[in-house]
Amino acid sequence: MEPVPVAEILQRQADLQEMLADAEIELALIRQAADLYYYSSVIVDGFLALGPAGDPLLLVRRPQQRLQELDLPFPVAFYRDIRDVPRILGQVGLGHNGAIGAELDVMPALLYRRLHEELFPQRSIVDLTMMIRKQRMIKSAYEIAQIRRAAAILDETLEEAARLIRPGLSELELSAALEYHLRLAGHQGLVRTRTWNLEMFFGHVLSGAAGIQAAYVETPSGGTGFSHGFPQGAGTKRLAVGEPISVDLAACVNGYIADETRLYVLGDLPEAACKALELVERLFELYEVEAQVGSLPGEIYQRLRGEVKAAGLEDYFMGVGRDRVFFLGHGVGLELDEYPLITAKFPFPLAADMVIAFEPKFFLPEIGMVGFEDTGRITAAGVEWLTRSPRRVWQLR
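Take the sequence shown: its position 217, counted from the start at 1, is 217 in the UniProt record's numbering, and no numbers get skipped.
And the structure:
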């Protein structure tokens, strides 16, 4: 494990404090796991409390013994009952009055009510979501290095898939073998998402017509899943000759995620699938031209959707019917669904060191899903692909 550099943690905190000052927010209470890790380098049951200036304070309910043994570059206080939090903050001069900022996009309503009605009555609680997500969408050199590591084990695992696939193997068996491979290679075993109820495991291994079945989550691919309790991803369907086999996996190292999809076939793909894949390659070429520093995601989205419409394949792009999704790429980092988004209405231009998973895919009736996905970094020279396994159909005989 490679710890987050201390200087980077302190700079992240300082940047947030500057934004708090500009917004006239007296106190930020960071609670969500990915945000806690981003601003403190640890994950605890507790809060990171920051004012517009001065030292932050990490408030920890558990694990206490483990945290006592760490040498953190900021003070730590321990508590047993959340009702002690205002008193502890008062002792160090944090948040006497004024607005309190919290991650309202992910905070449970009951916790919000307790903060607002019991712990800090008469204080307004404002949303920090956009402030935090905008800060996190620009990746540091350390963060990009971790995503590269995740991408490397993902590349190797997707090449391993070509050695494992054989007729009669089930989606579930292939998925389990690849997940085992990823874990031994260093995958931390958890893929975090921010969107409420966007449940995700390692990814989706889908074949044939099962690949066009939508799931309850906002992803292009879905699949049947293994049970009614988790109806997405690999199922018990057996791999068959002539069907597209899509392996869409996320690898996560030191908290940071890379996302990649590769396509395989036993024998040959149907002609319609081959034609759709020619367009997928064209969309990757266009994305590399369009995804420049300063480009607007909405314009990129409309340019690529226009190419699909001109080819007459719009009805099969990024899903089927009302289950279609309306994005072509998503940021990755500590979470799988970070900013920026390649979608029609994303408001911020692309900037250097954003990291985006680009995933144009077609859903062909009676055939299955075909497409690729790669994780790339936006640079002044264009897109630098961090996932690097061959972007081609792996034809297996």
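Ideal Cβ positions, reconstructed from N, Cα and C, are used throughout, including at glycine.
Using beta-carbon positions only, say whether residue i and residue j come within less than 8 Å of one another.
i, j, result
"Leu48", "Ile30", "yes"
"Ala251", "Leu178", "no"
"Asp45", "Arg62", "yes"
"residue 398", "Asp248", "In the structure as shown, the chain starts at 1 and stops at 397, and residue 398 therefore has no counterpart that could be examined."
"Pro73", "Ile9", "yes"
"Leu386", "Arg148", "yes"
"Glu288", "Gly382", "yes"
"Met200", "Leu336", "yes"
"Ala161", "Leu169", "no"
"Tyr37", "Arg12", "no"
"residue 398", "Ala234", "No information on residue 398 is available, as it lies outside the stretch 1 to 397 that the chain covers here."
"Leu16", "Gly51", "no"
"Leu198", "Val217", "yes"
"Val308", "Glu314", "yes"
"Ala339", "Gly329", "Looking at the sequence provided, one finds Tyr at residue 339 rather than Ala. Going by C-beta atoms, Tyr339 is not nearer than 8 Å to Gly329."
"Gln292", "Leu341", "no"
"Tyr316", "Leu364", "yes"
"Val325", "Thr219", "yes"
"Glu260", "Leu334", "no"
"Ile88", "Ala99", "no"
"Val320", "Ala209", "no"
"Thr129", "Leu104", "yes"
"Thr375", "Ala151", "yes"
"residue 419", "Ala185", "No answer is possible for residue 419: it lies beyond the span of the chain, which begins at 1 and ends at 397."
"Gln302", "Ala344", "yes"
"Val253", "Tyr142", "no"
Considering only C-alpha positions, which residue in the set the options is nearest to residue i?
i, options, result
"Leu172", "Gly208, Thr219, Phe226 and Met200", "Phe226"
"Gly211", "Gly368, Ala33 and Leu239", "Gly368"
"Lys139", "His96, Glu384, Arg377 and Arg194", "Arg377"
"Pro56", "Leu70, Glu278, Ser246 and Ala14", "Ala14"
"Arg392", "His116, Pro244 and Pro75", "Pro244"
"Gln395", "Gly294, Arg163 and Leu364", "Arg163"
"Ile25", "Val92, Ser40 and Met131", "Met131"
"Met107", "Ala23, Gly312, Gln32 and Leu269", "Gln32"
"Ala276", "Met19, Arg114 and Pro360", "Pro360"
"Ala23", "Ala53, Asn254 and Ile43", "Ala53"
"Ile257", "Glu290, Arg238 and His187", "His187"
"Ala272", "Lys345, Asp323, Phe362 and Leu119", "Phe362"
"Asp353", "Lys345, Ser246, Pro347 and Ala380", "Ala380"
"Ala102", "Gly93, Gly90 and Arg133", "Arg133"
State the beta-bridge partners of residue i as determined by DSSP.
i, result
"Lys361", "Gly371"
"Glu338", "Gly331"
"residue 411", "Any answer about residue 411 is impossible in this case: the structure gives the chain only from 1 up to 397."
"Val253", "Tyr256"
"Thr379", "Gly382"
"Ser140", "Ser140 is not bridged to any residue."
"Val355", "Arg377"
"Arg262", "Val247"
"Gln146", "Answer is none; Gln146 lacks a bridge partner."
"Phe326", "The partner list for Phe326 (beta bridge, DSSP) is empty, contrary to what the question assumes."
"Thr343", "Phe327"
"Val393", "Leu263"
"Phe348", "Phe348 is not bridged to any residue."
Are the C-beta atoms of residue i and some chain C residue less than 8 Å apart?
i, result
"Pro56", "The chain labelled as chain C is not found in the depicted structure, where only one protein chain is given."
With a threshold of 8 Å, are at least 3 pairs of Cβ atoms found where one atom belongs to the region 249 to 265 and the other to the region 283 to 300? Result no; under three Cβ-Cβ pairs closer than 8 Å.
Which ranges would you report for the alpha helix (DSSP H) in the region 266 to 302 if only whole runs of at least 4 residues count? Complete alpha helix (DSSP H) runs here, min 4: 271 to 290.
Kindly provide the ranges of any beta strand (DSSP E) runs that are 3 or more residues long and lie completely inside the region 162 to 243, ordered along the chain. For the region 162 to 243, whole beta strand (DSSP E) runs of length 3 or above, ordered along the chain, are 203 to 207.
Beta strand (DSSP E) segments (min. 3 residues) lying fully within the UniProt domain "Creatinase N-terminal" (12 to 138): Whole beta strand (DSSP E) segments, 3+ residues: 25 to 30, 45 to 50, 57 to 62, 76 to 78, 99 to 102 and 125 to 127.
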